[in-house]
Each structure stands twice: as C-alpha cells, then as structure tokens.
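Asker:
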Amino acid sequence: MKFALHIRVLAQVFAIVVLPIGAVHADTTVFAAASLRGALDEIAALSTTPVTLSYAGSGTIARQVSIGAPADVVILAHPRWMDWLETRGAVLAGSRRNVANNSLVLIGPNGAGPLITPTEIPQRLDQGRLAMGQRDSVPAGIYAQTWLETAGLWDRVIDQLAEVENVRLALALVARGETPLGVVYRSDAQAEPRVDVVYNVPKTAHDPITYPAAAITEDGRAFLTLLSSPEAAAIFENNGFTIPEAPQ
C-alpha cells in the first residue's frame, strides 16, 4: 500500500487542552491522534499532576514532532507514521509500544438503515459525498481506501469523497447531516449519538488498526506506563477500542 508523506500547508491548529491531571512528570505534553479524544482524556484523569493533551491528525502530529514540537509523548493511529518518526530519530529508542486497536465502520445519520453489502454505497450516496480522512496522510483515510479498493468500489466513489484532516471531522460531517455516509473508527461512532453504524468493515479488508505510542523525552516514559495499565485498558475498551493481546 502506497504511503505518501506529502508536506502540505495545514490550516488545522492543534486543539490544546490543559488539564490538572497526570500521575506522571509535571506538565507532560502528549500529542495524540484525534480519534483518541475522550478515551485519552479519561486516562489522563487517572493522575494528579498536569498533562497537556494536543489532538490532531496523525500526519499533522508526526510532521510537527519531526521538526521539534515540544511533546513528551506521541500516540498515532498508524504504525507507518511512527516508523517514519523512528527513522528520523524523533522518539526514544525502545520506548515504542502499541496501546490500543480499533476497527473501521461505515456510518450514516440517525435513522439511516443498515447496508447488507458495501456494493450499496453508491446508491446510498446518490449525489452526496462520502466523508473520510485524507487518504494520503490520515490513517482512517488510508484504511478506508484499502477497504474500498478491496471491495471493488474505489473507482465508483473517488469523485464523491469529502476528505478531511482527521477522522473526527469526518464524523462531524455525518453527524450534522452534511454527508449521507462516512468511514470512521468504531470508537468514533460510539462517541457520537447522532450517527448510526450502517456497515461493519471486515478486519481482513485492511491492515490491522493499531495505535503505537512512544516517548519523545525521558519525562514521557511514566505516561507510557500509565497507558499500559489495567485501568487504561478498561477505559479504552469502554470507549470502543480493543487492547493488544500482548505488550508491543
């Protein structure tokens, strides 16, 4: 699968939320994939010292970290972006681990009926658009393209894509009724009451969806330990993620 790392002018600005939490080094800064919002907020709240959480698309985060953005921990939604950071020496050697897994779903606004097969997508779209992450940089978009190609639908929907800078923006388009369908993670769909899952994408239709985390500074190692705790695992699962069978 081609993984293009195109440098682009990004209009998106990191949403910084400073929380009086974190049983880790004071003022630990965590850059995390947008799809982790909610679950990661709860995990950070397990501690008592400040943690700064910054959410954005994985491609945006990786580029920022690669040029020295002041983060202690990075958590991405695709292993290839973490590979890219490792080859540049941007994360601490040996600190990388997978902290969660996810699955892909097709969603529609509340009341949208289920699809029996993905071949029904073009008819359901009609003149509307399919919301998904940018396929050259956003992991959810990369996984979505692979699935649609596997299903033989890519050429039929490519001209109707609404590509956005992170998966939560795709979720919002469907929730607001601006697009009839969107491809997001199961955890995203669970977090938004205004959407319904209309099709569960087979896990065999794309690469495994994993969330690799790594420390950028020594101060970040304690937060990595927190991410791998049983308490964090329970939070991930309650938010629609699954946990890797063994520490990575």
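Note that our numbering numbers the sequence shown so that position 95 is 121, with each residue one more than the last. Yeah, the Cβ is synthetic: ideal placement off N, Cα and C, and Gly gets one too. No experiment lies behind these values; they were computed from the predicted model shown.
When you compare the CB positions of ARG247 and SER121, do they come within less than 8 Å of one another, or not?
Answerer: Closer than 8 Å, so yes.
Asker: Note down the Cα distance separating THR113 from TRP173, rounded to an integer number of angstroms.
Answerer: Rounded to the nearest angstrom, the two C-alpha atoms are 28 Å apart.
Asker: Could you give the uninterrupted runs of the beta strand (DSSP E) lying entirely in the region 123 to 160, keeping only those of 3 residues or more?
Answerer: Counting whole runs of 3 or more residues, the region 123 to 160 contains the beta strand (DSSP E) stretches 123 to 128, 130 to 135, 156 to 159.
Asker: Consult DSSP for SER73 and reduce its assignment to one of helix, strand or coil.
Answerer: DSSP places SER73 in coil when its eight states are reduced to three.
Asker: Among all the DSSP beta bridges, which residues are the ones paired with VAL209?
Answerer: BP columns for VAL209 point to LEU132.
Asker: DSSP on THR55, reduced to helix/strand/coil?
Answerer: If DSSP states are grouped into helix, strand and coil, THR55 belongs with the strands.
Asker: Within a Cβ cutoff of 6 Å, which residues of the same chain sit near VAL224, ignoring the five residues on either side of it in sequence?
Answerer: Around VAL224: LEU132, GLY134, ALA138, PRO140, LEU141.
Asker: Buried or exposed for ARG63, please, with buried defined as at least 16 other CB atoms from any protein chain shown within 10 angstroms of its CB.
Answerer: Its Cβ being crowded by 16 or more others within 10 Å, ARG63 is buried.
Asker: Taking only three categories from DSSP, how would you classify VAL223?
Answerer: Here VAL223 sits in strand by DSSP.
Asker: According to the Cβ coordinates, are ALA215 and VAL209 closer than 8 Å?
Answerer: Contact: no.
Asker: Can you tell me the Cβ-Cβ gap for VAL56 and ILE93, rounded? I've got them flagged as a contact below 8 Å.
Answerer: Between ILE93 and VAL56 the Cβ distance is about 18 Å, and since that is not below 8 Å, they are no contact.
Asker: For the 8 Å Cβ check, are there 3 or more pairs between the region 234 to 250 and the region 178 to 197?
Answerer: No, the region 234 to 250 does not touch the region 178 to 197.
Asker: What separation, rounded to the nearest whole angstrom, lies between the Cα atoms of THR251 and THR268?
Answerer: If I take the Cα positions, the gap works out to 18 Å.
Asker: Relative to the C-alpha of VAL193, which residue among GLY203, ARG212, GLN153 is closest?
Answerer: Considering only alpha carbons, the answer is ARG212.
Asker: Ends of the beta strand (DSSP E) at THR236?
Answerer: From DSSP, the beta strand (DSSP E) with THR236 extends over 235 to 241.
Asker: Between the C-alpha atoms of GLN160 and THR74, what's the straight-line distance to the nearest angstrom?
Answerer: Near 36 Å, if we compare the C-alpha coordinates of THR74 and GLN160.
Asker: Mark ARG202 as exposed unless 16 or more other C-beta atoms lie within 10 angstroms of its C-beta, in which case mark it buried.
Answerer: Answer is exposed; the Cβ neighbour count stays below 16.
Asker: Could you check the C-alpha separation between VAL91 and ALA103 for me, to the nearest Å?
Answerer: Their Cα atoms are separated by approximately 15 Å.
Asker: So ALA196 is in the alpha helix (DSSP H); what residue range does that whole segment cover?
Answerer: Counting along the chain, the alpha helix (DSSP H) containing ALA196 begins and ends at 193 to 201.
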